[in-house]
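**Student:**
Numbering (the working numbering), first residue to last: 99 to 289.
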């Protein structure tokens with residue numbers, strides 16, 4: 099059974115919106131742990147191991163199932179070490195949406211894994227900052243679509259979320275304000 103005293107804050111969104119940097123900053127601010135995006139780790143390893151350098155390898159359905167499972171497992175393990183909040187750079191739900199981005203349809207098994215995610219609050223950084231190519235990103239042209247799709251799905255399932263917008267230097271303060279408000283509501287509910 100998951101420890102429900104730890105609030106799970108999940109950052110999701112399109113590529114190059116500052117999720118990873120924000121996760122690192124939030125974890126430092128709250129003196130807690132954060133969970134990196136396993137899909138990126140998997141992709142970087144896959145590119146490094148390919149036989150033909152420079153070519154973009156294809157994704158398989160099984161890879162997305164694996165990524166969702168590992169992401170969720172790492173998140174659950176990290177929750178045992180977290181201090182009040184756990185900060186996550188994506189989750190299995192987001193992995194399912196990335197599958198949709200690549201395959202054009204949803205994957206029932208990846209969606210089922212994502213349905214088991216524990217989320218207290220989504221922070222959704224907006225793609226209103228410049229795209230930065232880091233050598234492995236391929237989603238510059240679909241940033242707005244990904245952002246809109248995440249919002250559509252989160253609104254449909256009713257999970258609380260806060261949009262993070264504007265310049266990078268203002269995003270940390272917005273995220274802290276959203277998390278502090280959630281912590282305050284949690285504390286008031288337990289008085």
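Beta carbons are placed, not taken as given, at the ideal position from N, Cα and C, and that holds for glycine. Keep in mind it's a predicted model, so treat the numbers as computed, not measured.
If you reduce the DSSP assignment to three classes, tell me which class residue 99 lands in.
**Tutor:** With a pLDDT of 48 at residue 99, under the threshold of 50, the modelled position of this residue cannot be trusted, and the question is left open.
**Student:** Give every residue of the same chain whose Cβ lies closer than 7 Å to the Cβ of residue 166, excluding the five residues on either side of it in the sequence, and list them in chain order.
**Tutor:** 190, 193, 194, 208, 211 and 212
**Student:** Give, in chain order, every unbroken run of the alpha helix (DSSP H) that is at least 4 residues long and sits entirely within the segment 104 to 157.
**Tutor:** 117 to 127 and 136 to 147
**Student:** Buried or exposed for residue 114, going by 16 or more other Cβ atoms inside 10 Å?
**Tutor:** By the C-beta density criterion, residue 114 is buried, having at least 16 other C-beta atoms within 10 angstroms.
**Student:** Report all residues from its chain with a CB closer than 8 Å to the CB of residue 99; omit the five preceding and five following residues, and keep chain order.
**Tutor:** Annotation note: pLDDT 48 at residue 99 (below 50); position unreliable, no value reported.
**Student:** Going by Cα to Cα distance, which pick from 200, 140, 274 and 139 is closest to residue 120?
**Tutor:** 274
**Student:** Quick one: give me the first and last residue of the beta strand (DSSP E) that residue 258 is part of.
**Tutor:** Segment: none, residue 258 is in no beta strand (DSSP E) and carries neither H nor E.
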